[in-house]
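Worksheet: the structure to be examined is printed underneath.
2 protein chains.
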Amino acid sequence: MKNMVYIQSGGPTSVINTSLYGAIKEAQNHPDKIGHIFGSNHGIEGLINDDLFDLGLEDEHTIELLKQTPGSILGTTRRKLPKDFHDPIYMKIIENIKKHNIGYVFINGGNDSMDTCNQIAKLCEELALDVKVIGVPKTIDNDLAITDHSLGFPSAAKHVINIVGQIATDARCFIHGKVHIIEIMGRNAGWLTASVDLLPEASRPDLIYIPESIFNLKEFMEDVRVIHRKRGSVVVAISEGVDFPRDVSNARRDSFGHIQLEGGAAELCRLIDEELNLPTRSIELSIPQRADAAYISKVDQDEALATGKLAVQSALKGETGKMIIFRRLSSSPYKIEMALEDVGKIANEVSMIPQEMIKDNTRMGDAYRKYLSPLIKGEIALEFKDGIIVMAELKKIKV
Amino acid sequence: MKNMVYIQSGGPTSVINTSLYGAIKEAQNHPDKIGHIFGSNHGIEGLINDDLFDLGLEDEHTIELLKQTPGSILGTTRRKLPKDFHDPIYMKIIENIKKHNIGYVFINGGNDSMDTCNQIAKLCEELALDVKVIGVPKTIDNDLAITDHSLGFPSAAKHVINIVGQIATDARCFIHGKVHIIEIMGRNAGWLTASVDLLPEASRPDLIYIPESIFNLKEFMEDVRVIHRKRGSVVVAISEGVDFPRDVSNARRDSFGHIQLEGGAAELCRLIDEELNLPTRSIELSIPQRADAAYISKVDQDEALATGKLAVQSALKGETGKMIIFRRLSSSPYKIEMALEDVGKIANEVSMIPQEMIKDNTRMGDAYRKYLSPLIKGEIALEFKDGIIVMAELKKIKV
């Protein structure tokens, strides 16, 4: 009987620990096939440095709390593995896989992590090791290729929609309102920023900018001026990845001499102040987009759990080098199916919003709303203690 | 029979519309004494410019939704009234009070708004007008004098505690972590920032800075350096009002030539980068602190509602020039009583955290935890539609 190891990789999402929960639960259904359930400390680092802990020794209640715990509970890393299999890192990984009799490796992550997944699967195959390697997708950016959507994105979108709607409502109640520029995560793809389009008219931003469209600074300034004159306030949603010419003369430099750009929202506020002389406020939604349990979507949570389970089931069936993907069968009623796809096809690809889903810089198209709407539905019941969300704390007992 | 007018003033809180809800409900209990229920558009501006709307014409469901709607639904202003009663503004106010047969004026706001409340009450008294003026307290800063706490503060604290706890959990899962500096509202008083002290050890910030304590930049740098070396990451909570010497050579200036200081968190990150060469991330919690319905405290909501009701009852009893205050009878079990206090005593005073509640820059004292703990308890059930919080939208039918 072989043991399994679960790896969390890259940036967290609000449901990344729910996938882990699903995998643990499913593994416990097969005590005849899976021995120990190990967690790798800080992503792939744990497997490299023989730093694993036994998740079978954690309390039942702690495991239940994974579903409402932010961050990556096993610890994470952004380390990329080298291309060359002769690198000594791979020797260490294989050594630890053998030492701990590991037959199942699960890697839960985004694009870079699927590359890691691909590498380890290939290496085990080359060495003819009986190790199954399965990828569990996650990224709040929703930019993984092939799959209909990525786990964590629906909850992040739900957070963004509700928080931006509430900010806009607050912003618009002042008689002399400001220009509010709200910066939303997404360097390459605008899925998360575009989600604000689902808000009703009263709380929807006036302007929406995503990296998929060209940002024209001159038009932006004119739009802001006109909207402020008409409405008394302006609310703008922009992706962090929106590109525009910036004055870098005052920018600070890091130790390598690279220019450190301030956030786009802060810089646009500075330009508005200079050119239009209007009061401004820049708001970065920041880490709560991927960490706030209050807006976890039930659909996202259910799917995260199901994916963890399916990962274990697939490995037990002998699948390897695959990632779980979603295929949408219908948006209304919402129906998806899960499937397996070669992880090599997914790794390092980027999925952007297709042009037919974009209308202009004030609205997305109907197709976008139809796509996103079912994903954010359903609320979850959170466990609070004295007003504070209870988070899982692992004992992390070393193997 | 006289009419009433309700005024919302200054910055919103997550429960400011709940006080309005309470006042409307109570007024509707006295159809023999109160005629129309008017809302003043954008705070005192509506009463100055004859811009009132009839809240009696709104739908029942819209009124219910006030309890989960952010912003100030009637519109707000930060305008201060002049000291001199001969100012023509007062003539306009009195004219509109007479024109609309107003006998009851309710002003829901913070320190500056209580000054407005005081002025109007005094003026009506001087002119021997039969108009009762009552103040309803609110401010997320919790810095109103005399009262045990201010409405809106408990929900803002609950938001801050939960969001900071989740940010810290996310921040600490990386193997090479950053220095996270989280900026929390509160220019003069640190009540809101200090609230993070209630978090359990695993998610509590390493350092907590409030305006009530002296901030030593040199010690701060050394603490950050030591904690990062030991823990691999640092989480710092600071009040926006924390004062330290800043490099203003690159600062932008507004149209009056005043230096526009960047947020303290961003500036401290810049200094850490320069001196310690550690990766940093600055996070401003910003508007969601006063606008996020997800973390409304049940205690805060119940008290906001009760205060709206008591304001109407007090005016009907003939009270005027008073603000509602809370007196704490016991913390465990939590017991308060509401009372009336001369609004003149409250206006423009500031309540700071007493020194005996502060331990050092890593923890508050037990007395602080005992004070805050009961205020954040209890969650409310929110109405969502397709994953989005439903917010009240008033028809605002002009009088």
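If you're matching them up, the sequences are chains A and S in order. For the first sequence, the positions run -7 to 391 when my numbering is used. For the second sequence, the positions run -7 to 391 when my numbering is used. Just so you know, even glycine gets a beta-carbon here, dropped at the ideal spot from N, CA and C.
Report, in whole angstroms, the separation of the C-beta atoms of residue i and residue j, which I expect to be a contact under 8 angstroms.
{"i": "I174 (chain A)", "j": "A229 (chain A)", "result": "5 angstroms"}
{"i": "V227 (chain S)", "j": "D198 (chain S)", "result": "5 angstroms"}
{"i": "A285 (chain S)", "j": "Q158 (chain A)", "result": "7 angstroms"}
{"i": "I36 (chain A)", "j": "G144 (chain A)", "result": "Not really, about 19 angstroms apart at Cβ, beyond 8 angstroms."}
{"i": "N353 (chain S)", "j": "I200 (chain S)", "result": "6 angstroms"}
{"i": "I316 (chain A)", "j": "M330 (chain A)", "result": "6 angstroms"}
{"i": "G31 (chain S)", "j": "L47 (chain S)", "result": "5 angstroms"}
{"i": "F318 (chain A)", "j": "H53 (chain A)", "result": "Going by Cβ atoms, the distance from F318 (chain A) to H53 (chain A) rounds to 30 angstroms, so no, they are not a contact pair."}
{"i": "Q293 (chain A)", "j": "K59 (chain A)", "result": "6 angstroms"}
Answer yes or no: do residue i and residue j have a C-beta to C-beta separation smaller than 8 angstroms?
{"i": "N88 (chain A)", "j": "L39 (chain A)", "result": "yes"}
{"i": "T61 (chain A)", "j": "M383 (chain A)", "result": "yes"}
{"i": "G14 (chain S)", "j": "G300 (chain S)", "result": "yes"}
{"i": "S187 (chain S)", "j": "T161 (chain S)", "result": "no"}
{"i": "S289 (chain S)", "j": "L367 (chain S)", "result": "yes"}
{"i": "I85 (chain S)", "j": "I112 (chain S)", "result": "yes"}
{"i": "K150 (chain A)", "j": "Y360 (chain A)", "result": "no"}
{"i": "L66 (chain S)", "j": "N41 (chain S)", "result": "no"}
{"i": "I206 (chain S)", "j": "T185 (chain S)", "result": "no"}
{"i": "M213 (chain S)", "j": "L268 (chain S)", "result": "yes"}
{"i": "D133 (chain A)", "j": "G178 (chain A)", "result": "yes"}
{"i": "L277 (chain S)", "j": "I381 (chain S)", "result": "no"}
{"i": "D135 (chain S)", "j": "V335 (chain S)", "result": "no"}
{"i": "K25 (chain A)", "j": "N93 (chain A)", "result": "no"}
{"i": "E50 (chain S)", "j": "K387 (chain S)", "result": "yes"}
{"i": "V216 (chain A)", "j": "A19 (chain A)", "result": "no"}
{"i": "V291 (chain S)", "j": "P192 (chain S)", "result": "no"}
{"i": "N180 (chain A)", "j": "A339 (chain A)", "result": "no"}
{"i": "K130 (chain A)", "j": "G95 (chain A)", "result": "no"}
{"i": "R320 (chain A)", "j": "S225 (chain A)", "result": "no"}
{"i": "K369 (chain S)", "j": "G379 (chain A)", "result": "yes"}
Under DSSP, the beta strand (DSSP E) around residue i begins and ends at which residues?
{"i": "Q0 (chain S)", "result": "-6 to 0"}
{"i": "A229 (chain S)", "result": "226 to 231"}
{"i": "A331 (chain S)", "result": "326 to 334"}
{"i": "P129 (chain A)", "result": "124 to 129"}
{"i": "V97 (chain S)", "result": "94 to 101"}
{"i": "H28 (chain A)", "result": "26 to 32"}
{"i": "L44 (chain S)", "result": "44 to 46"}
Of the residues the options, which one's Cα is nearest the Cα of residue i?
{"i": "Y363 (chain A)", "options": "A:L49, A:T108, A:P325", "result": "A:P325"}
{"i": "H220 (chain A)", "options": "A:T10, A:P129, A:I264", "result": "A:I264"}
{"i": "P74 (chain A)", "options": "A:V97, A:L191, A:T108", "result": "A:T108"}
{"i": "L115 (chain S)", "options": "S:I81, S:K170, S:F145", "result": "S:I81"}
{"i": "A120 (chain S)", "options": "S:G48, S:N9, S:K90, S:H141", "result": "S:K90"}
{"i": "V171 (chain S)", "options": "S:V234, S:I200, S:S274", "result": "S:S274"}
{"i": "K306 (chain S)", "options": "S:N103, S:G27, S:V123", "result": "For the record, residue 306 (chain S) in the displayed sequence is Ser; it is not Lys. The shortest Cα separation from S306 (chain S) among S:N103, S:G27, S:V123 belongs to S:V123."}
{"i": "V125 (chain S)", "options": "S:S105, S:D133, S:D135, S:H141", "result": "S:S105"}
{"i": "V97 (chain A)", "options": "A:K314, A:K388, A:I200", "result": "A:K314"}
{"i": "W183 (chain S)", "options": "S:G357, S:Q0, S:G379, S:E371", "result": "S:G357"}
{"i": "A137 (chain A)", "options": "A:E371, A:K369, A:I345", "result": "A:I345"}
{"i": "L297 (chain A)", "options": "A:K17, A:Y(-2), A:I99, A:V(-3)", "result": "A:K17"}
{"i": "A283 (chain S)", "options": "S:Q293, S:T69, S:A148", "result": "S:A148"}
{"i": "K210 (chain A)", "options": "A:R238, A:S225, A:G224", "result": "A:R238"}
{"i": "M(-4) (chain A)", "options": "A:H22, A:P23, A:I29, A:N21", "result": "A:I29"}
{"i": "R355 (chain A)", "options": "A:S323, A:F236, A:L190, A:R70", "result": "A:L190"}
{"i": "E295 (chain A)", "options": "A:Q0, A:E385, A:T10", "result": "A:T10"}
{"i": "G233 (chain A)", "options": "A:A257, A:G379, A:S365", "result": "A:A257"}
{"i": "N21 (chain A)", "options": "A:N208, A:L302, A:R71, A:E259", "result": "A:L302"}
{"i": "D76 (chain S)", "options": "S:T68, S:I99, S:N110", "result": "S:N110"}
So the alpha helix (DSSP H) residue i belongs to, where does it begin and stop?
{"i": "V171 (chain A)", "result": "Here V171 (chain A) belongs to no alpha helix (DSSP H); instead the beta strand (DSSP E) covers 171 to 176."}
{"i": "E266 (chain S)", "result": "256 to 268"}
{"i": "D358 (chain A)", "result": "358 to 364"}
{"i": "L39 (chain S)", "result": "36 to 40"}
{"i": "A19 (chain S)", "result": "8 to 20"}
Complete alpha helix (DSSP H) runs within the segment 276 to 319 of chain S (minimum length 4 residues, chain order):
280 to 283, 290 to 308
List in chain order: all unbroken beta strand (DSSP E) runs of 3+ residues lying wholly within the segment 157 to 226 of chain S.
171 to 176, 199 to 201
Taking only runs of the alpha helix (DSSP H) that begin and end inside the segment 48 to 109 of chain S, which ones reach a length of at least 4 residues, in chain order?
52 to 57, 80 to 91
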